[in-house]
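Numbering (UniProt numbering), first residue to last: 1 to 805.
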């Protein structure tokens with residue numbers, strides 16, 4: 001019996017190849033899209049779950065009433081907690097640094113250097129290729145490196161026992177290292193990655209004020225909520241010993257939730273967000289569901305065409321179950337062909353999908369992927385079940401007489417409802433894609449308040465290059481391709497760093513100044529000119545008096561002036577005080593001027609108060625020592641390549657022992673929105689897919705609908721209907737459905753995009769024309785899809801139409 005059903009299924013495919021192609025291609029595209037998105041979602045959900053005891057690993061976070069939550073704090077907290085809470089089985093502190101690593105003649109600037117407690121591997125289990133976790137405990141200056149780092153420095157040689165030299169940043173002294181072990185590269189689905197792991201005691205044990213990340217592995221029977229309560233009760237007693245503020249609130253964050261549910265400014269790496277996962281998941285199921293809708297619609301539309309076949313089978317003894325099984329078998333054949341096509345598409349398009357999503361996804365050894373195909377098969381067969389049930393209910397006598405209507409009211413309404421749903425989804429995705437790209441265009445073209453074009457940025461990673469930046473600056477200014485050079489401790493788009501400021505006691509109301517945490521930017525005397533940041537009131541830093549001004553003069557932005565309640569013209573000459581440390585307290589500084597607001601952070605953030613201080617080699621009062629870690633170079637736009645070559649020559653002349661690395665400021669700023677660019681690209685691709693699947697389904701249904709109305713069309717033509725009348729009649733039925741879909745889609749798309757745009761402090765306004773253009777585009781595409789067959793039917797010979805049985 002099964003063999004007979006398979007034979008009938010293949011024969012029907014041969015008899016109706018167009019409809020078979022529409023069904024299989026639509027399902028294949030739907031399955032391919034579903035699997036791609038599922039791979040992405042499963043990878044995002046798997047972050048940090050590869051650790052053996054991932055459910056017991058937590059990260060310590062800090063919060064206070066008047067400040068944003070933070071991640072890094074003093075090292076004394078972790079051992080203080082672990083000594084008093086038995087639920088804390090192990091802890092490790094992480095300090096991320098960078099520096100120049102040398103071996104023989106090779107040297108590389110490395111940014112993924114981690115200092116950690118030797119208990120690191122008791123919290124995070126990683127795979128060792130050579131050596132073991134105990135190796136780092138027995139060697140004070142030992143380092144564990146990853147497999148890719150070992151190949152980078154030592155090729156195929158055994159790296160264990162080999163020496164390395166580290167010229168550290170962040171105030172670290174230079175010291176020799178010895179490779180004691182090699183581990184496998186950390187999986188990509190980990191919220192941090194390092195190339196070098198060095199014992200914490202090697203360089204940081206004596207630095208009590210350095211900010212570290214703290215992780216705990218708690219006992220299996222403990223709960224994070226109970227531990228949090230104990231932590232905060234204990235903190236009240238030991239906050240001074242732990243060097244914490246009494247108002248600080250401690251919390252524990254599950255390591256498995258960091259990637260999707262954490263957005264601290266000090267994250268070790270950029271995280272994703274769970275909203276993206278929801279959007280992608282919904283899109284995946286919608287695409288697959290729309291492909292299944294095509295199958296249901298075309299099957300129902302073919303019901304009258306196959307009524308005689310069904311009636312004959314029933315008269316010959318086939319019962320309802322056999323008819324249902326026959327149609328499910330046909331569906332399974334279509335689904336099997338679709339899966340085979342999808343397998344080829346997945347292999348061919350995976351590199352492109354990885355490029356768009358910036359992932360390294362594979363189809364090999366992906367156990368999670370095996371769970372998808374039963375789900376796809378179940379959904380495919382469910383899409384066949386309803387048409388099978390409808391067709392199996394046909395009365396055999398009426399079926400043989402061909403008196404069954406083209407579609408019952410119920411199935412006709414269902415088909416129309418499914419078409420409306422398909423087009424509504426397509427319109428929503430088109431509107432969302434348009435708004436995402438308009439917002440990204442707004443970001444790219446918005447005046448940020450400074451000049452970002454033709455600015456080359458050199459990273460002065462090492463203390464020696466930082467101390468010699470003025471020598472390099474003078475060498476660069478000798479070149480005609482270089483217009484200006486300025487140094488700063490960071491550049492727009494990067495972590496700015498903060499400080500605690502307040503109005504002077506004399507100027508504060510009731511002599512009780514309010515302390516405010518403001519972002520701080522250290523610059524040299526040429527930075528404002530290079531970046532073309534304008535002065536609203538007062539004056540810029542005085543180049544001739546820069547050494548003296550560094551200690552007692554600051555500039556504030558407009559946002560800071562407003563925060564202190566100053567009018568811009570009145571701010572000049574005011575005194576603010578900045579916090580040095582606990583022993584020295586606050587030191588006074590004179591406000592020399594007010595600069596215009598500029599976007600030194602992402603456009604997701606509002607412009608916050610900013611204090612600009614003139615950098616110095618050392619504070620005469622013994623306070624903060626600032627080093628210049630970025631050199632910005634304004635070049636002529638006529639020959640960028642030659643300008644970069646000239647910059648490298650100047651670098652090699654002054655810093656020949658250090659690798660030359662550069663970036664362009666505008667490119668760095670663009671990377672702030674890489675996740676949004678990714679979202680826009682994915683939306684655009686899948687919007688096209690949804691529209692394509694919907695249109696091929698509409699094309700198939702229009703053919704069947706016109707075939708069922710062939711005699712009606714012939715009669716209308718004989719009675720005098722023109723080609724235009726016929727085309728309008730056939731198109732209007734579908735046009736009404738598209739308009740209903742548009743009406744449904746508009747409020748949904750508007751709500752969704754307003755939610756997305758809420759993440760941006762600076763955003764576009766959603767204009768009515770976006771909806772109008774999207775709606776008209778879908779109407780035109782739908783009409784073109786239907787009109788091809790409508791015109792063909794309208795110009796056909798009416799005599800042949802009337803003879804049609």
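Backbone N, C-alpha and C fix where the C-beta goes; we use that ideal spot for every residue, glycine too. These numbers were taken from a predicted model, which means no experiment stands behind them.
Proximal residues to residue 456 (C-beta, below 7 Å), its chain only, five neighbours per side dropped: The beta carbon of residue 456 sits closer than 7 Å to the beta carbons of 633, 635, 644, 647, 662 and 664 from its chain, once the five residues preceding and following it are set aside; these are given in chain order.
Write down the C-beta distance between residue 492 and residue 559 rounded to the nearest angstrom, noting that I regard them as a contact closer than 8 Å. No, residue 492 and residue 559 are not in contact; Cβ-Cβ is about 15 Å, not under 8 Å.
The alpha helix (DSSP H) spanning residue 475 covers which residue range? First-last of the alpha helix (DSSP H) with residue 475: 469 to 477.
Measuring straight from C-alpha to C-alpha, what distance separates residue 423 and residue 499? If I take the Cα positions, the gap works out to 54 Å.
Taking the straight line between their C-alpha atoms, what separation do you get for residue 165 and residue 99? Straight-line Cα distance between these residues: approximately 10 Å.
Within the same chain, show all residues whose beta-carbon is closer than 7 Å to that of residue 539, passing over the 5 residues directly before and after it, in chain order. Only residues of its own chain outside the window of five on either side were considered, and among them 592 and 593 have a CB closer than 7 Å to the CB of residue 539, listed in chain order.
Residue 769: buried (16+ other C-beta within 10 angstroms of its C-beta) or exposed? Exposed, since its Cβ has fewer than 16 Cβ neighbours within 10 Å.
Residues bridged to residue 633 by DSSP? In the DSSP output, where bridge partners are listed per residue, residue 633 has 456 and 485.
Taking C-beta to C-beta, are residue 129 and residue 184 nearer than 9 Å? With respect to residue 184, residue 129 sits close: the two C-beta atoms are nearer than 9 Å.
Can you find the residues in the same chain that come closer than 7 Å, C-beta to C-beta, to residue 192, ignoring five residues on each side of it along the sequence? For residue 192, same chain residues with a beta-carbon under 7 Å away, outside a window of 5 residues either side, are 268 and 269 in chain order.
Scan the region 106 to 157 and note each continuous alpha helix (DSSP H) run of 4 residues or more that stays entirely inside, going in chain order. 120 to 123 and 147 to 154, all fully within the region 106 to 157.
Quick check: what's the CA-CA separation for residue 794 versus residue 726? Counting only the Cα atoms, residue 726 lies some 6 Å from residue 794.
Strictly by DSSP, which residues pair up with residue 212? Within the DSSP secondary-structure output, residue 212 pairs in a beta bridge with 73.
So residue 615 packs on residue 759, CB below 8 Å; how close in whole Å? With a contact defined as Cβ atoms closer than 8 Å, residue 615 and residue 759 miss out at about 33 Å.
Please report the distance separating the alpha-carbon of residue 96 from that of residue 113. Rounded to the nearest angstrom, the two C-alpha atoms are 6 Å apart.
With which residues is residue 567 paired in a DSSP beta bridge? Note: residue 567 sits in no beta bridge, so no partner.
Segment limits, beta strand (DSSP E) that includes residue 198: First-last of the beta strand (DSSP E) with residue 198: 196 to 199.
Taking Cβ to Cβ, would you say residue 536 is nearer than 9 Å to residue 568? Taking C-beta atoms as the reference points, residue 536 and residue 568 count as a pair closer than 9 Å.
Of the listed residues 501, 584, 724 and 450, nearest to residue 601 (C-alpha basis): If you compare the alpha carbons of 501, 584, 724 and 450 with that of residue 601, the shortest gap goes to 450.
Once you ignore the five residues that flank residue 659 on each side, which residues in its own chain have a CB closer than 8 Å to its CB? Within the same chain, residue 659 has close Cβ partners 100, 107, 108 and 109.
According to DSSP, simplified to helix, strand and coil, what is residue 363? In the structure shown, residue 363 sits in coil (DSSP, three-state: anything other than H, G, I, E or B).
How long is the line joining the alpha carbons of residue 122 and residue 687, rounded to whole angstroms? Computed Cα separation, rounded: 47 Å.
Among 139, 282 and 788, which one has its Cα closest to the Cα of residue 40? Selected option, being the one with the closest Cα: 282.
Would you list the residues sitting across from residue 753 in a DSSP beta bridge? Per DSSP, residue 753 has no beta-bridge partner at all.
I'd like to know if the region 233 to 240 and the region 51 to 63 are in contact, where contact means that at least 3 CB-CB pairs between them fall below 8 Å. No: fewer than three Cβ pairs fall under 8 Å.
Assign residue 791 to one of three DSSP states: helix, strand, or coil. Helix, per DSSP.
Residue 176: first and last residue of the uninterrupted alpha helix (DSSP H) it sits in: Looking at the DSSP string, residue 176 is not in any alpha helix (DSSP H); the run it does join, the beta strand (DSSP E), is 175 to 183.
Cβ neighbour criterion (16 or more within 10 Å) applied to residue 93: Residue 93 is buried by the Cβ-count criterion.
Give the range of the beta strand (DSSP E) segment to which residue 246 is assigned. Premise fails: residue 246 is in no beta strand (DSSP E) and is neither H nor E.
Three-pair Cβ contact test at 8 Å for the region 225 to 235 versus the region 83 to 93: Yes: the two stretches touch, three or more of their Cβ pairs being nearer than 8 Å.
Quick one: give me the first and last residue of the beta strand (DSSP E) that residue 90 is part of. In the DSSP assignment, residue 90 falls within the beta strand (DSSP E) that extends over 88 to 103.
For residue 103 and residue 153, I'd like the C-alpha separation in whole angstroms. Whole-angstrom Cα-Cα distance: 7 Å.
Using DSSP bridges, identify the partner residues of residue 516. DSSP, once it has assigned bridges, lists 501 as partnering residue 516.
Based on DSSP bridge pairs, tell me the residues matched to residue 613. Looking at the DSSP assignment, residue 613 forms a beta bridge with 522 and 554.
Range covered by the alpha helix (DSSP H) that runs through residue 844: The structure shown has nothing for residue 844, since the chain only spans 1 to 805.
Is residue 295 helix, strand or coil when you go by DSSP? Secondary structure at residue 295: helix, using DSSP grouped into helix, strand and coil.
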